[in-house]
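Residue numbers (the numbering used here): 976 to 1388.
Set out below in structure tokens:
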């Protein structure tokens, strides 16, 4: 545990304090995001130091900092590539709970993101954006979106992309929800028609958006990796939180893990095994050991990725291993839980076994294999950048984007 952090939590926590005030106080202390640089709402701690801070916070029974696309994807990207002015402008809202979304994927540019067709054209001090995005989590409640758009079609596809921060509440943006089989509508289609972005919201250099986006994608794969695997087996619902309500509303949602290497996934499997299975059955014990091993392997992979960042770099191809491990883990969890629960696994709702968490794992087991880059993309990255295998042939490497037939472009030729 981190004694200095525990002392600060004990001295500053008030369960009746408004959540917005607690998040402001937590951010200014540096204990909310301890791995961020000193002077930028952080303390420059290592990953191990941050985990000890988290242990101290949990032991003190205080509310956690906000977490989501804004905090896990946008903030690290702005810290790495943004200007000092952009950090001062955007980070205060992020650390106090603003909701952001990620405007990357398109109907014709998912795994091949560099083929995106959303375009941005400069008009004085603004950029005018037209196009369509899809699978945009939280777009319906987000204040800002991190956006990649094509600013030059005369160069190869990776070279003509620029990265922006766009305000979501404006006439040129229409958000349409996509209903999932879970019944939720976290994802959205987003249509941009003459939407405006101030030139001051460009992150990184003109045409350097692909490099900036790689930072976002690496952090996304770390966030979705098996080392961060949650108790329900799926990503947390993106929802608006009442910032004026007492801060202790979030304390009830979080429980301290039983041990250093235990995860919510392992706890759920053990609980299912004890209720529906035979804890002495050698096959069941072997399945539990397998999942526990997958969780631990993924956790150490995640530590390697974080260590690279702490040395001054950015997450490398090891995050693809963690992301692929998360996909394998979810599928293994699904099969094991369903086998143990039998017909009970089909039940869902508050009065079902474990509050429907087993059924939730089944319905969500495909999410991580697609979001943040498909399993196939992760295997390509591992093969080429880790194992040193020959890269797949690229016939479009030196071809101007406007001369390519991708997505809906060029279909009338």
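Glycine included, every Cβ here is placed at the ideal spot set by N, Cα and C.
All values reported here derive from a predicted model rather than from experimental measurement.
In angstroms with no decimal places, state the Cα-to-Cα distance between residue i and residue j.
i	j	result
residue 1137	residue 1296	28 Å
residue 1096	residue 1249	60 Å
residue 1300	residue 1051	23 Å
residue 1368	residue 1032	50 Å
residue 1356	residue 1346	15 Å
residue 1047	residue 1366	30 Å
residue 1143	residue 1035	37 Å
residue 1343	residue 1181	32 Å
residue 1372	residue 1316	51 Å
residue 922	residue 1149	Shown here, the chain extends from 976 to 1388; a query on residue 922 therefore has no answer.
residue 1068	residue 1175	17 Å
residue 1275	residue 1358	20 Å
Using 8 Å for Cβ pairs, my map puts residue i next to residue j. What's the rounded Cβ distance?
i	j	result
residue 1179	residue 1172	Between residue 1172 and residue 1179 the Cβ distance is about 14 Å, and since that is not below 8 Å, they are no contact.
residue 1017	residue 1005	6 Å
residue 1122	residue 1147	Between residue 1147 and residue 1122 the Cβ distance is about 12 Å, and since that is not below 8 Å, they are no contact.
residue 1279	residue 1293	5 Å
residue 1078	residue 1120	4 Å
residue 1049	residue 1075	5 Å
residue 1377	residue 1128	4 Å
residue 1170	residue 1141	7 Å
So, using beta-carbon positions, are residue i and residue j closer together than 8 Å?
i	j	result
residue 1070	residue 1226	no
residue 1093	residue 1124	yes
residue 1305	residue 1132	no
residue 997	residue 1220	no
residue 1252	residue 1241	no
residue 1156	residue 1338	yes
residue 1189	residue 1348	no
residue 1091	residue 1081	yes
residue 1062	residue 1116	no
residue 1045	residue 1003	no
residue 1218	residue 1042	no
residue 1392	residue 1198	In the structure as shown, the chain begins at 976 and stops at 1388. Residue 1392 is therefore absent and cannot be evaluated.
residue 987	residue 1000	yes
residue 1164	residue 1154	no
Counting C-beta neighbours from all protein chains within 10 Å, is the total for residue i 16 or more, i.e. buried, or is it exposed?
i	result
residue 983	buried
residue 1362	exposed
residue 1268	exposed
residue 991	exposed
residue 1430	For the chain, the structure presents residues 976 to 1388; residue 1430 sits outside this window and is missing.
residue 1108	buried
residue 1340	buried
residue 1111	buried
residue 1060	exposed
residue 1354	exposed
residue 1099	exposed
Quick one: residues in its chain with C-beta nearer than 7 Å to the C-beta of residue i, no 5 flanking neighbours on either side, listed in chain order?
i	result
residue 1246	1329
residue 1312	1244, 1247, 1320, 1333, 1336
residue 1009	1017, 1018, 1020, 1024, 1025, 1028
residue 1303	1269
Enumerate in chain order the residues of its own chain whose CB-to-CB distance from residue i is below 6 Å, with the five nearest sequence positions on each side excluded.
i	result
residue 1207	Its pLDDT being 32, under 50, residue 1207 is placed unreliably in this model, and the value from its coordinates should be taken loosely. For residue 1207, where only same-chain residues beyond five positions count, the Cβ hits under 6 Å are 1332, 1335.
residue 1195	1048, 1347
residue 1215	1116
Excluding the 5 residues flanking residue i on each side, which residues of the same chain have their C-beta closer than 8 Å to its C-beta?
i	result
residue 977	1024, 1027, 1028, 1030, 1031
residue 1325	1331
residue 1177	1102, 1137, 1138, 1139
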